[in-house]
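Everything in the sequence shown is counted per full-length UniProt numbering, starting at 1 for the first residue and increasing by one. Let me begin by presenting the structure, written as structure tokens, before commenting on it.
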Amino acid sequence: MTFPHIEDTSTDHAADIVAIRGVIADIEKGFNDNDAELLVEHFAAGATAVTATGAQVDGRQALLEVSRAGLAGPLRDERARYELADVRFVRPDVAVAHKHAWAVDGTGEPIDVGHAMSALYVLVREDARWWVVARQNTLVPQS
Numbered sequence: 001m002t003f004p005h006i007e008d009t010s011t012d013h014a015a016d017i018v019a020i021r022g023v024i025a026d027i028e029k030g031f032n033d034n035d036a037e038l039l040v041e042h043f044a045a046g047a048t049a050v051t052a053t054g055a056q057v058d059g060r061q062a063l064l065e066v067s068r069a070g071l072a073g074p075l076r077d078e079r080a081r082y083e084l085a086d087v088r089f090v091r092p093d094v095a096v097a098h099k100h101a102w103a104v105d106g107t108g109e110p111i112d113v114g115h116a117m118s119a120l121y122v123l124v125r126e127d128a129r130w131w132v133v134a135r136q137n138t139l140v141p142q143s
């Protein structure tokens with residue numbers, strides 16, 4: 001059996017990667033500034049996400065409500081540093097991105113909380129910009 005290799009290699013994606021880095025930077029800033037609107041600004045209306053606690057949240061409005069509650073409550077004093085670790089383009093307008101995250105203090109220095117996080121994003125380019133259509137967060141225990 002032959003398996004397809006699904007990856008777009010026909011396009012120079014340098015500008016797309018810069019744009020996706022911008023999406024991740026806005027999400028980080030939204031988290032760190034307790035700004036739920038910025039945190040979900042790049043999520044499509046029908047986006048779906050799985051939180052670090054395993055809860056599935058469907059729809060941008062529900063993501064906004066969950067973000068508002070989290071940032072006003074248990075995440076209020078939390079800060080993180082995000083790094084775009086990898087981006088794969090399965091089509092010119094569809095990207096799969098991996099983000100790594102670490103807890104940091106107010107100055108950006110890492111905090112040992114016993115875990116970090118990895119997130120998988122699926123993004124779609126529509127109307128000349130990238131939209132998050134799915135996100136899966138996974139806590140990563142430190143050894």
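Built from N, CA and C at the ideal position, the CB exists for glycine as well. Keep in mind the model is a prediction, meaning the values are calculated, not measured.
Inter-residue spacing [alpha-carbon to alpha-carbon] between residue i and residue j
i: E37; j: T2; result: 45 Å
i: W102; j: H115; result: 8 Å
i: V132; j: N34; result: 19 Å
i: Q61; j: I6; result: 32 Å
i: D105; j: E83; result: 16 Å
i: A119; j: D127; result: 25 Å
i: Q136; j: A85; result: 15 Å
i: R129; j: R88; result: 17 Å
i: I20; j: P4; result: 26 Å
i: G46; j: T107; result: 35 Å
i: V124; j: R76; result: 30 Å
i: P74; j: A134; result: 23 Å
i: V122; j: L63; result: 16 Å
i: M117; j: V140; result: 5 Å
heavy atom of the ligand COA below 7 Å from residue i C-beta
i: E37; result: With respect to small molecules bound, the structure shown includes none, and the ligand COA cannot be examined in it.
Identified DSSP bridge partners for residue i
i: M117; result: A101, L139
i: A49; result: V57, R135
i: A95; result: F89, L123
i: A80; result: A103
i: P110; result: V104
i: R129; result: E126
i: F43; result: V132
Exposed unless 16 or more other CB atoms sit within 10 angstroms - verdict on residue i
i: I111; result: exposed
i: D16; result: buried
i: A25; result: exposed
i: E109; result: exposed
i: V113; result: exposed
i: V23; result: buried
i: A97; result: buried
Whole-angstrom C-beta distance between residue j and residue i, which should lie under 8 Å
i: A80; j: F31; result: 6 Å
Inset, instruction - Would you check if the segment 39–58 and the segment 84–99 touch, i.e. whether three or more CB-CB distances between them fall below 8 Å? - result: no
Legend entry - Cβ contact check for the segment 43–57 and the segment 10–25: 3 or more pairs under 8 Å: By the Cβ test, the segment 43–57 is not in contact with the segment 10–25, since fewer than three Cβ pairs between them sit closer than 8 Å.
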